[in-house]
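J.: If you use the working numbering, the sequence shown corresponds to residues 5 to 106, in order.
Yeah, the Cβ is synthetic: ideal placement off N, Cα and C, and Gly gets one too.
Before I ask anything, let me first share the structure, which is written out below as structure tokens.
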Amino acid sequence: MTTRPPAASMPESIRHVLRAKQHPARAVACPHCGAAAHRPCVLRTRNQVMTQPHPQRVSAWAQSVACCPECQVEPTTPCHDEGRARFTVHARRYQEAGETAA
5 MTTRPPAASM PESIRHVLRA KQHPARAVAC PHCGAAAHRP CVLRTRNQVM
55 TQPHPQRVSA WAQSVACCPE CQVEPTTPCH DEGRARFTVH ARRYQEAGET
105 AA
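In structure tokens, the structure reads:
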């Protein structure tokens with residue numbers, strides 16, 4: 005059996021260009037299926053790789069990168085409706101995150 009030398013690490017600028025075709029939500033871990041950052045989501049029942057990330061992952065990504073213009077919270081802070089926590093982020097926060105990623 006042959007041994008390979010360790011692979012050289014890829015600069016982040018090149019890595020970003022190669023991953024540009026992936027959904028930007030893959031930059032965070034998926035809270036639904038447990039997929040690591042930069043790995044695709046999987047269906048837990050069939051262990052099948054999904055082409056698009058879970059909605060929970062997209063919500064977590066939007067929360068981590070964008071301010072919410074609806075409820076005026078900073079990145080990493082969950083959205084709320086008049087003080088009551090939401091399970092997902094506001095639609096306008098998804099738009100802000102998409103503009104940030106573009």
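Assign P57 to buried or exposed, taking buried as 16 or more other Cβ atoms, counted over all protein chains shown, within 10 Å of its Cβ.
T.: Its Cβ being crowded by 16 or more others within 10 Å, P57 is buried.
J.: Under the rule that 16 or more other beta-carbon atoms within 10 Å means buried, what is S13, buried or exposed?
T.: It is exposed - the Cβ of S13 has fewer than 16 other Cβ atoms within 10 Å.
J.: By DSSP's criteria, V77 is part of a beta bridge. Which residues make up the other side?
T.: C72, per the DSSP bridge assignment.
J.: Compute the Euclidean distance between the alpha carbons of P35 and A41, then round it to the nearest angstrom.
T.: About 11 Å.
J.: Which residue's Cα is closest to the Cα of V69: C75, T104, Q26?
T.: Nearest of C75, T104, Q26 to V69, Cα basis: T104.
J.: Who are the near neighbours of Q67 in its chain, counting only those whose CB is closer than 8 Å to its CB and skipping five residues on each side?
T.: Result list for Q67: P79, T80, T81, P82, C83, V93, R97, in chain order.
J.: Report yes if the C-beta distance between P33 and R61 is below 9 Å; otherwise report no.
T.: Checking the displayed sequence, the identity of residue 33 turns out to be Ala instead of Pro. Contact: yes.
J.: Once the 5 residues before and after E74 are set aside, which same chain residues still bring their CB inside 6 Å of it?
T.: So the list reads H94, R96, once near-sequence residues are dropped.
J.: Where do the ends of the alpha helix (DSSP H) carrying A105 lie?
T.: Per DSSP, A105 belongs to the alpha helix (DSSP H) from 95-105.
J.: Taking just the CA atoms, how far does R50 sit from C72?
T.: In a straight line, the C-alpha of C72 is about 35 Å away from that of R50.
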